[in-house]
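Asker: Structure below; questions to follow.
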Amino acid sequence: MAKIVAILATTHHPFYYKTSQLPPDEAPPFAAEWVRKVAAYRETLTRARPDLLVMIGSDHFHQLWLSNMPQFLVGKAPFYDANYYNEEREFGLPRLLLRGHEELSSYILRAGLDKGFDLAFSNELRVDHSITCPIFTVRPQNDLPIVPVYTNIFAPPLPRPERFVALGRALREMIDAWPSDLRVAVIGTGHLSLELGGPRQFGPHGPDPEFDARAVEWIAKGDLDGCLAEVTLDSLHAPGNATHGFMDFMLMMGLANGARADYADNLDLFHTMEAYFTWYPDGVPTPEGASA
Amino acid sequence: MSKYLVNKFLFTVDRDPDLVERYRSDPAGTVAWWEAECANEILGCPGLEKSTWLSFSGEERRALAEHDHVALFGLGAHPFLTLTLWIAMFERDHTEPLAMQLDYGARLAHYSLPYPDIST
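This is the structure:
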């Protein structure tokens, strides 16, 4: 069976790429620490020696639109072009081409449908920065095939938090049962408290630092019960109007089976808090690369 | 109320560099042209297969034609779409980093929770 060698759950900050490219004399004061934390986080993936990446993200009204909006969608294509004109324009993100892994895409679609998740699919998907930000941060060589999984955290009506957790648990079961010798890493990106296009946007911190502190603790401890007891579709409006992206973190907590994270880090930035978590279901890899 | 159509306008303009410039320089003319020519195009369908029923309400048309992002927020336009397009059009008019985004938010300061419903 396939091995899940690492599970990574992180924020996706579209300004990281541009910030990390700036020469020191032009970089903002927080850049050096940000780059250092991302480099440390990248190592948590590198040492797991993955063969392919399952990537959980959310389209930001790029290819998916209100005339035809899936709740959960799996890409099944040999390649994925990536990033859009407005991401180039606003964030300075370059365009990318990622390889796909159609065999695992097909497997997840079939197994997911059979488990009661009516997954949509796409044979021609241009992924956006929710998928490419973690490529830039934790796999900048972009050398591994991917299976993209999109969730709707953006266009109500949304699935409830419990459904995100259930899909995470189901993906874990599916990948664990996939008849393959490959080493799979699952990388999901979401948000902590976030406000976009509202009165609380772009403050000196995320719009709700108290929520962020609780959220980081839920994720680090794998406290799904505590998280689910407090988080609802309604409650997520209070920390910030784009905080429903936290449900992608909840999906990843489900995928980690509510385990305590093996690696947890965060960085308080303007506008939002960055957060980085890694789980090793197959055991923490030693520095040499072999599983302990 | 046709929140969907307001969002469709913001979405289709934001993804087209020429339309971004056209809307910045001639908002009323762009809105009138778009409503007449583009509002009923079904994205993803051939141009021949149009819808027949989509139009803006008077307040939506006014808010778009006057670049009134505060009114659009109140009408329940998707805040991500409005913000993204506004950054494309107006960030260049500010010299300090994030000045445009902070001004944009400050103009919405009279809104408190719950914000206007963005469901379509």
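Residue numbers (our numbering), protein chains in the order written: chain A, 1 to 292; chain B, 293 to 412. Ideal Cβ placement from N, Cα and C applies to all residues, glycine included.
Is residue 412/B close to chain A? Criterion is C-beta to C-beta, closer than 9 Å.
Answerer: Numbered from its first residue, the second sequence carries residue 412/B at position 120. It does; some Cβ of chain A falls within 9 Å.
Asker: Between residue 374/B and chain A, is there a C-beta pair that is closer than 9 Å?
Answerer: As a working note, residue 374/B is residue 82 in the second sequence. With 9 Å as the cut-off, residue 374/B counts as an interface residue toward chain A.
Asker: Between residue 65/A and chain B, is any beta-carbon pair separated by less than 9 Å?
Answerer: For the purposes of this step, residue 65/A is taken as the residue at position 65 of the first sequence. By this cut-off, residue 65/A is an interface position.
Asker: Can you give me the start and stop residues for the beta strand (DSSP E) that residue 10/A sits inside?
Answerer: The residue you call residue 10/A lines up with position 10 of the first sequence. It spans 3-11 - the beta strand (DSSP E) in which residue 10/A sits, taken as one unbroken run.
Asker: My output table needs one value for residue 150/A: the three-state DSSP class, helix, strand or coil.
Answerer: Stepping through the first sequence from its first residue, residue 150/A is reached at position 150. Note: residue 150/A maps to strand in three-state DSSP.
Asker: Rounding to the nearest angstrom, what Cα-Cα distance links residue 296/A and residue 92/A in this structure?
Answerer: Coverage of chain A is limited to positions 1 through 292, which leaves residue 296/A absent and any answer about it impossible.
Asker: For residue 385/B and residue 301/B, I'd like the C-alpha separation in whole angstroms.
Answerer: The residue labelled residue 385/B in the question sits at position 93 within the second sequence. The residue labelled residue 301/B in the question sits at position 9 within the second sequence. Taking the straight line joining both Cα atoms gives about 23 Å.
Asker: Here's the rule: buried if 16 or more other CB atoms are within 10 angstroms of the residue's CB, otherwise exposed. What is residue 179/A?
Answerer: Here residue 179/A is taken as the residue at index 179 of the first sequence, counted from 1. Classification for residue 179/A: exposed.
Asker: Under the assumption that residue 146/A contacts residue 53/A (Cβ atoms under 8 Å), give the Cβ distance between them as a whole number of angstroms.
Answerer: In the first sequence, residue 146/A corresponds to position 146, counting from 1. In the first sequence, residue 53/A corresponds to position 53, counting from 1. Contact holds; Cβ gap of about 5 Å.
Asker: Taking Cβ-Cβ distances below 8 Å as the criterion, which residues of the stretch 302-336 of chain B are in contact with chain A?
Answerer: Listed by position along the chain: 303, 306, 307, 309, 334, 335 and 336.
Asker: Leaving out five residues before and five after residue 292/A in sequence, what residues of the same chain have Cβ atoms less than 8 Å from its Cβ?
Answerer: Locating residue 292/A in the first sequence gives position 292, counting from the first residue. Low confidence applies to residue 292/A: its pLDDT is 48, below 50, so where it sits in the model is not reliable enough to give any reading.
Asker: Roughly how many whole angstroms lie between the Cα atoms of residue 100/A and residue 156/A?
Answerer: Mapped onto the first sequence, residue 100/A falls at position 100. Mapped onto the first sequence, residue 156/A falls at position 156. If I take the Cα positions, the gap works out to 29 Å.
Asker: Thinking just about the alpha-carbon of each residue, which of 318/B, 365/B and 305/B is nearest to the one in residue 404/B?
Answerer: On the second sequence, position 112 is the one that residue 404/B refers to. Checked all of 318/B, 365/B and 305/B; the closest Cα to residue 404/B is 365/B.
Asker: Given residue 104/A, which residues of its chain have a CB within under 6 Å of its CB, disregarding the five upstream and five downstream residues?
Answerer: For the purposes of this step, residue 104/A is taken as the residue at position 104 of the first sequence. Cβ within range, chain order: 147.
Asker: Do residue 276/A and residue 16/A have their CB atoms nearer than 9 Å?
Answerer: Translated into the one-based positions of the first sequence, residue 276/A becomes position 276. Translated into the one-based positions of the first sequence, residue 16/A becomes position 16. Not closer than 9 Å, so no.
Asker: Go to residue 252/A, then tell me how far its alpha helix (DSSP H) extends in each direction, as first and last residue.
Answerer: For the purposes of this step, residue 252/A is identified with residue 252 of the first sequence, where counting begins at 1. Counting along the chain, the alpha helix (DSSP H) containing residue 252/A begins and ends at 246-255.
Asker: Could you list the residues in the stretch 200-225 of chain A with a C-beta less than 9 Å from some C-beta on chain B, going in chain order?
Answerer: Residues 200, 201, 202 and 203.
Asker: Is residue 292/A close to chain B? Criterion is C-beta to C-beta, closer than 9 Å.
Answerer: Within the first sequence, numbered from 1, the residue matching residue 292/A stands at position 292. With a pLDDT of only 48 at residue 292/A, under the threshold of 50, the placement of this residue in the model should not be trusted, and no figure is reported.
Asker: Select from 253/A, 121/A and 62/A the residue whose C-alpha is nearest the C-alpha of residue 154/A.
Answerer: Here residue 154/A refers to the residue found at position 154 when the first sequence is read from its first residue. It is 62/A.
Asker: Does the distance from the CB of residue 222/A to the CB of residue 194/A come in under 9 Å?
Answerer: Indexing the first sequence from 1 puts residue 222/A at position 222. Indexing the first sequence from 1 puts residue 194/A at position 194. Contact flag unset, no.
Asker: Pick from 391/B, 349/B and 388/B: whose alpha carbon is nearest that of residue 295/B?
Answerer: Locating residue 295/B in the second sequence gives position 3, where the first residue counts as 1. Here the closest residue by C-alpha is 349/B.
Asker: Quick check on DSSP: helix, strand or coil for residue 190/A?
Answerer: In the first sequence, the residue the question calls residue 190/A occupies position 190. Note: residue 190/A maps to strand in three-state DSSP.
Asker: Just to check my reading of the structure: residue 128/A and residue 83/A have Cβ atoms closer than 8 Å, yes? What is that Cβ distance to the nearest angstrom?
Answerer: Taking the first residue of the first sequence as 1, we reach residue 128/A at position 128. Taking the first residue of the first sequence as 1, we reach residue 83/A at position 83. Their Cβ separation, rounded to whole angstroms, is 6 Å, which keeps residue 128/A and residue 83/A in contact under 8 Å.
Asker: If I follow the unbroken beta strand (DSSP E) through residue 81/A, where does it start and stop?
Answerer: Taking the first sequence and counting its residues from 1, one reaches residue 81/A at position 81. 79-82 is the extent of the beta strand (DSSP E) around residue 81/A.
Asker: Using a Cβ-Cβ distance under 9 Å, would residue 363/B count as near chain A?
Answerer: Working through the second sequence from its first residue, we reach residue 363/B at position 71. With 9 Å as the cut-off, residue 363/B does not count as an interface residue toward chain A.
Asker: Is residue 196/A close to chain B, meaning its C-beta is less than 9 Å from at least one C-beta of that chain?
Answerer: As a working note, residue 196/A is residue 196 in the first sequence. By this cut-off, residue 196/A is an interface position.
Asker: Is the separation between the beta-carbon of residue 228/A and that of residue 173/A shorter than 9 Å?
Answerer: Here residue 228/A refers to the residue found at position 228 when the first sequence is read from its first residue. Here residue 173/A refers to the residue found at position 173 when the first sequence is read from its first residue. No, the Cβ-Cβ distance between residue 228/A and residue 173/A is not below 9 Å.
Asker: Buried or exposed: where does residue 98/A fall if 16 or more other Cβ atoms within 10 Å of its Cβ makes it buried?
Answerer: Here residue 98/A is taken as the residue at index 98 of the first sequence, counted from 1. When all chains shown are included, residue 98/A counts as buried.
Asker: Do you know how far the Cα of residue 251/A is from the Cα of residue 339/B?
Answerer: If you number the second sequence from 1, residue 339/B lands on position 47. If you number the first sequence from 1, residue 251/A lands on position 251. Their Cα atoms are separated by approximately 39 Å.
Asker: For chain A, check one thing: does any of its Cβ atoms lie closer than 9 Å to the Cβ of residue 346/B?
Answerer: The count along the second sequence starts at 1 and reaches residue 346/B at position 54. Output row for residue 346/B: interface = no.
Asker: Would you identify the three-state DSSP class for residue 122/A, choosing helix, strand or coil?
Answerer: To locate residue 122/A, count along the first sequence from 1; it is residue 122. Strand.
Asker: Candidates 27/A, 64/A and 204/A: which alpha carbon is nearest residue 150/A's?
Answerer: Translated into positions along the first sequence, residue 150/A becomes position 150. Nearest C-alpha to residue 150/A: 64/A.
Asker: So which of 38/A, 7/A, 182/A and 121/A has the shortest CA-CA distance to residue 1/A?
Answerer: Here the question's residue 1/A lines up with position 1 in the first sequence. For residue 1/A, the nearest C-alpha among the options comes from 182/A.
Asker: Please classify residue 248/A as buried or exposed, where buried requires at least 16 neighbouring CB atoms within 10 angstroms.
Answerer: Residue mapping note: residue 248/A aligns to position 248 of the first sequence, counting from 1. With 16 or more other Cβ atoms within 10 Å, it is buried.
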